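Have a look at the structure below, then the notes.
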Amino acid sequence: KPTKLLPLWDLLGVGLGFSSAMIGKKAAMLCTASVEEVIDKHYQNQINNLSSDEKILKRKIKKFRDDEIHHKNIAYKHGASKEGVYSILDKIIKTGSRLAINISEKI
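Residue numbers (the working numbering): 48 to 154.
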């Protein structure tokens, strides 16, 4: 079930994407890669915690996870980098993404 906060996360996601694009292409691609890495782990945790009788849901989450991995790979192919200052940006984006997931799980 999608979070009730999805409209807020969508708005913040657009803002984050725009802000990172203003820094440059590497930052924009890193933004995508960083968010997708957090979502990938989140989906994997959900898959691991589902019981064997929840095969349909597990299959859907695996498909979503595969899409996120694909997006991450595209971002790295197009210049995402965690070198130098970008490592700080990576940590900031991942922290914000994990925070959004944690808040969404509670609301």
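Each residue gets a CB set at the ideal place from its N, CA and C atoms; glycine is no exception.
Fair warning: this is a prediction, and the values are worked out from it, not measured in the lab.
Residue i in three-state terms, based on DSSP
i	result
Lys48	coil
His89	helix
Ser98	coil
Ile103	helix
Lys129	coil
Gly71	coil
Residue i and residue j closer than 7 Å at C-beta
i	j	result
Val85	Ser151	no
Met69	Ala127	no
Lys105	Leu97	yes
Own chain, CB closer than 7 Å to residue i, minus 5 neighbours either side, in chain order
i	result
Leu146	none
Cutoff 6 Å; reference residue i; Cβ partners in own chain excluding five residues on either side
i	result
Ile148	His89
Beta-carbon proximity list for residue i, same chain, < 8 Å, skipping 5 on both sides
i	result
Ile154	Thr50, Lys51, Leu52
inquiry  = Below 8 Å, how does it come out for the region 50 to 66 and the region 101 to 116: are there three or more Cβ pairs, yes or no?
reply    = no
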